[in-house]
Amino acid sequence: MKLDIVYNKNAQDMSDIENDSIQIIITSPEYYGADMWNHNITFEEYLSGLSKVWQECFRVLKP
């Protein structure tokens, strides 16, 4: 894996990134109910999406 790469992609699927290979993740999830993306989702769907992000972050971050 190359060093010093910035990924700008959907954090719910980081399948192209190896396990335990990332030293830092910087993210800024949107707030539920904020109309900046105009998504009409339930709170449960919002939490489910965030859960996928955190699972992927945990998988790719070095211990």
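Sequential numbering from 694 applies to the sequence shown in the working numbering. Backbone N, C-alpha and C fix where the C-beta goes; we use that ideal spot for every residue, glycine too.
**Report entry** Assigned secondary structure, Leu696 (DSSP; H/G/I helix, E/B strand, else coil)
**Finding:** The count along the sequence shown starts at 1 and reaches residue 696 at position 3. Coil, per DSSP.
Report task. Check the C-beta distance from Pro722 over to Val746 and give it rounded, since I have them as a contact under 8 Å. Result -> Sequence index remark: in the sequence shown, residue 722 carries index 29 (1-based). Sequence index remark: in the sequence shown, residue 746 carries index 53 (1-based). Contact holds; Cβ gap of about 7 Å.
Query raised in the report: Nearest to Pro756 by CA position, among Ser744, Ile734, Ile715, Phe736, is which residue?
Result: Working through the sequence shown from its first residue, we reach residue 756 at position 63. Considering only alpha carbons, the answer is Ile715.
Query raised in the report: CB Pro696 to CB Ile718, shorter than 9 Å?
Result: Translated into the one-based positions of the sequence shown, residue 696 becomes position 3. Translated into the one-based positions of the sequence shown, residue 718 becomes position 25. The question names Pro, yet the displayed sequence has Leu at residue 696. No.
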